[in-house]
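Working notes, structure below.
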Amino acid sequence: MSYFDWIVLIISLLGIILYGIYKSRSSRNLEGYFLSDREMPWWLILLSIMGTQASAITFLSAPGQAYTDGMRFVQYYFGLPLAMVVLCITFVPLFHRLRLYTAYEYLEKRFDVKTRTFTAFLFLLQRGVSTGISVYAPSIILSSLLGWNIYITNVLMGGLLIIYTVSGGAKAVAYTQQLQLIIIFVSMFIAAYMVVSLLPEGVGFFDALQVGGKMGKLNVITTGMKPNGGFDWSDQYNLLSGLIGGFFLALSYFGTDQSQVGRYLTAKSLRESRVGLLMNGLVKVPMQFLILLIGVLIFSFYQFHKAPLFFNNTLIEKVANSAYADSLKNIQSEYDRFNDQKLALMEKFPRVEAGMDFSPVFQEELKKVNRQGDSLRKSFKQMIGKSGVGGDSNDTNYIFLRFVIDFLPKGLVGLLIAVIFLASWGSIAAALNSLASASVVDFHKKFVNPSMTESQDYRIAKIYTLLWGIFCIVVAMFAYNIGNSLIEAVNKLGSLFYGVILGVFLVAFFFKKIRGSAVFWSAILGELGVITLFVLNEKKIIGLGFLWLNFIGAAAVIAIAWLMQILISKNGNSSTYIHDTTRIPQK
Amino acid sequence: MYEEKERPPIFKKWSGWYALVIGFLVALIIFFVYFTKYFA
């Protein structure tokens, strides 16, 4: 990186930290620290929800995923808009009316302490580990591409934000997320513009889309049907899995994950929370579509330019220094020939803007050349595995930043690296705030010291925020070789727990006769079932896309709890009284 | 199930939001299908 890039990067990061500290003023109690005194407007709720969900992984992996697999990943978000409406009708008014700090408090009111504690524990486990991955994911990419020390990068990625998150709590998180998102969106727009402007003379935006489309990268809608008929349950992203699995995932993530619940509970009224969530439902799919489109544009860009054999240079160097150095040379020279063939072919590229058609012959030739390139990349990835140099043989997450570093002008490189930090900070800060709130409210004040004063509450909240920050950095230090796309790793981890947690909440809302013991044991059995299915799928014994785990987990909890409640009632262990605190009189 | 009496934002009933969101999603899917086919 040039000095100018460093200046841009440092100014951006320092600016956010100072802004976060400046906006830190809130009441010195738990309501001020965790819920911003419940005074946030809807637009800040919207930006905070978006900033919490969109981590650095979103901006690194999504363009890379579009480059390699096309745009079908956008279907993952199709269930989200409808989930927002359901949440606004069911979960949100109840949480507001009860004036909760965490979603899990409600479970004690509705069931019992053990159900609340178990669910809060599942949240802490899942969110703690996935936040660690959220620190590690961008750090490993930056350290590989820029030669930075991974440990120092982890500390910068997960550590600097602790300054304003600890001092300012939820208020600092929300205001910095607002500024972060503005910088991120402007920078991503500039990056997209730059990709198109770097295309050869006479090749425009629609030409780039045509190249992507003809090469199968604009596959936004896929049905998941096998060529010989029948639905492919192992297919990760298709219309059905996106609508059904995505709906349950969004319902669980926004309704029961404290990192999101904690954002909209900061709203000054129920209406402000609802508008923030509903607007999120309307903007999320188009936003994700545009981020993925950048990946397609980069794919098209590399049709006119030499593409690297592998986007993570560090691994290439490691293989070059291994026993496979000669094999690498052979593959590299073949890949160079592929690049030459491709560039020669693209000389004849029919420009849309000049009114020329993309003939079937040209399309077939380009596909043939690209298949050759894909085959060589695949061979190299296999070589990485055989060489034993370690590291992730999937370079999906490196594609966008490799392009940025190699082709964007000075200053913009620093700005886009700042984007990675800021996106990361936005989601990690919200996660730390929510981890601390669940730790303090659902555990510390419940089991350790229930009678703390306001100032003790405030101090302990800060200590937990700091401790979770350190925990996440430690997880990041040990995270290695997660494999495949990092965005998938985080989503898979979420899907292991979200379905079960959602099932518990759905029972609480819709099955009045089911009581604490039944739902508690059904949650444990349901979690074991989901983990079993996940392991069977990983071992290729069954084929099941991970999004289905959300639906299966929720359905399993409801079905098992219902059966257990019947058995308990028949054995006469249950009174007919249902402790229903959800029917709270209107004020 | 707890029933909230407050009106939803913009519309008089939540069915308005359901209709808007489903309509929006259908319109997006149609656009995406057209987009995929047009450039393929």
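Residue numbers (the numbering used here), protein chains in the order written: chain X, 413 to 999; chain L, 410 to 449. Glycine included, C-beta positions come from ideal geometry on N, C-alpha and C.
Exercise for the section: Please name the residue, chosen from X/Ser739, X/Ala515, X/Ile596, X/Val486, that lies closest to X/Ala532 on a Cα-to-Cα basis. Expected result: X/Ala515
Practice task
Please state whether DSSP places L/Ala436 in a helix, a strand or coil.
Solution key: helix
Practice task
Leaving out five residues on either side along the sequence, give the residues of the same chain with a beta carbon under 8 angstroms from the beta carbon of X/Ser739.
Solution key: Met795
Handout entry: Sequence ranges, alpha helix (DSSP H) only - wholly within the region 510-593 of chain X, length at least 4
Key = 517-522, 525-558
Practice task
Please report how far the alpha carbon of X/Val377 lies from the alpha carbon of X/Tyr736, in whole angstroms.
Solution key: The requested residue 377 of chain X is not part of the displayed model; chain X covers only 413 to 999.
Handout entry: Span separating the alpha-carbon of X/Tyr810 from that of X/Ala842
Key = 25 angstroms
Exercise for the section: Verify the CB distance criterion: does L/Tyr427 have a CB-CB separation below 7 angstroms to chain X? Expected result: yes
Handout entry: X/Leu621 vs L/Phe448 beta-carbon contact at 7 angstroms
Key = yes
Exercise for the section: Flag X/Arg522 as yes if its beta-carbon sits less than 7 angstroms from any beta-carbon of chain L, otherwise no. Expected result: no
Handout entry: First and last residue of the uninterrupted alpha helix (DSSP H) at X/Trp933
Key = 928-950
Problem - As assigned by DSSP and simplified to three states, the class of X/Ala478 - result: helix
Practice task
Say whether chain L places a C-beta atom closer than 7 angstroms to the C-beta of X/Gln622.
Solution key: yes
Handout entry: Where X/Leu426 falls, given that 16 or more other Cβ within 10 Å makes a residue buried
Key = exposed
Handout entry: Complete runs of the alpha helix (DSSP H) confined to the region 763-816 of chain X [at least 4 residues]
Key = 772-799
Exercise for the section: May I ask you to report which of helix, strand or coil DSSP gives X/Met864? Expected result: coil
Practice task
Work out the CA separation of X/Val687 and X/Leu506 for me, nearest whole Å.
Solution key: 16 angstroms
Exercise for the section: Put X/Phe416 into one of helix, strand or coil per three-state DSSP. Expected result: helix
Handout entry: Reference X/Gly705, options X/Tyr747, X/Ile970, X/Ser424, X/Leu472, closest by Cα
Key = Just to set this straight, residue 705 of chain X is Leu in the shown sequence, not Gly. It is X/Leu472 whose Cα lies nearest to the Cα of X/Leu705.
Exercise for the section: Assign X/Val1030 to buried or exposed, taking buried as 16 or more other Cβ atoms, counted over all protein chains shown, within 10 Å of its Cβ. Expected result: Past the boundaries of the shown model lies residue 1030 of chain X; chain X is included only from 413 to 999, so the question cannot be answered.
Handout entry: Those runs of the alpha helix (DSSP H) which lie wholly inside the region 648-724 of chain X and span at least 4 residues
Key = 658-668, 670-676, 682-716
Problem - Proximity test, Cβ basis, 7 angstroms: X/Val608 and chain L - result: no
Practice task
Using 10 angstroms around the beta-carbon of X/Thr401, count the other beta-carbons present and answer buried if the total reaches 16, otherwise exposed.
Solution key: Because chain X in this structure spans residues 413 to 999, residue 401 of chain X falls outside the shown range and cannot be described.
Handout entry: Cβ neighbours of X/Arg814 in the same chain (closer than 6 angstroms, five flanking residues each side left out)
Key = Phe723
Handout entry: Of the listed residues X/Phe750, X/Ser981, X/Ser851, X/Gln589, nearest to X/Leu537 (C-alpha basis)
Key = X/Ser851
Problem - Spatially closest choice to X/Lys951 from X/Gly658, X/Ser646, X/Ile964, X/Gly823, by CA coordinates - result: X/Ser646
Practice task
Closer than 8 angstroms by C-beta to X/Ala873: which residues in its own chain qualify, once you throw out the five before and the five after it? Chain order, please.
Solution key: Leu442, Tyr445, Phe446, Gly581, Ala848, Ser849, Val852
Practice task
Go to X/Phe923, then tell me how far its alpha helix (DSSP H) extends in each direction, as first and last residue.
Solution key: Where X/Phe923 is concerned, there is no enclosing alpha helix (DSSP H), given that its DSSP letter is neither H nor E.
Exercise for the section: Could you check what DSSP says for X/Phe761 in three-state terms: helix, strand or coil? Expected result: coil
Handout entry: Check whether X/Ser836 and X/Ala586 have beta carbons under 7 angstroms apart
Key = no
Problem - Distance, X/Arg528 Cα to X/Asp854 Cα - result: 8 angstroms
Exercise for the section: Could you tell me whether the Cβ of X/Ile990 comes closer than 7 angstroms to any Cβ of chain L? Expected result: With a pLDDT of 44 at X/Ile990, under the threshold of 50, the modelled position of this residue cannot be trusted, and the question is left open.
Handout entry: Cβ pair count under 8 angstroms reaching 3, the region 547-559 of chain X against the region 872-891 of chain X
Key = yes
Handout entry: Inter-residue spacing [alpha-carbon to alpha-carbon] between X/Ser448 and X/Asn845
Key = 11 angstroms
Exercise for the section: Return the Cβ separation of X/Ser542 and X/Gly906 in integer angstroms, given the expectation that the two are a contact with Cβ distance under 8 angstroms. Expected result: 6 angstroms
Problem - contact_flag[the region 607-615 of chain X, the region 861-876 of chain X] where n(CB pairs < 8 angstroms) is 3 or more - result: no
Practice task
Please say whether X/Gly571 and X/Val887 have beta carbons closer to each other than 7 angstroms?
Solution key: no
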